[in-house]
Amino acid sequence: MGMVELSQADINLSFARASSLASQLPQVSRAPLNLWELACQR
């Protein structure tokens, strides 16, 4: 079994879920998510 390729829709859904969870956390806890998003945009 090889690497599973994520479609753009799957990636967008993952970001939506992560953002939804992050919105319920204190701003400090969102820092890692923001860094992760920036890294994924490169």
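When the sequence shown is numbered by the numbering used here, its final residue is 101 and no position is left out of the sequence of numbers.
In this text, a Cβ means the ideal position worked out from N, Cα and C, and glycines have one as well.
In the three-state reduction of the DSSP assignment, residue 97 falls in the helix class.
Inter-residue distance for residue 63 and residue 80 is about 24 Å (C-alpha atoms, whole angstroms).
For residue 72, the uninterrupted alpha helix (DSSP H) run begins and ends at 67-81, by DSSP.
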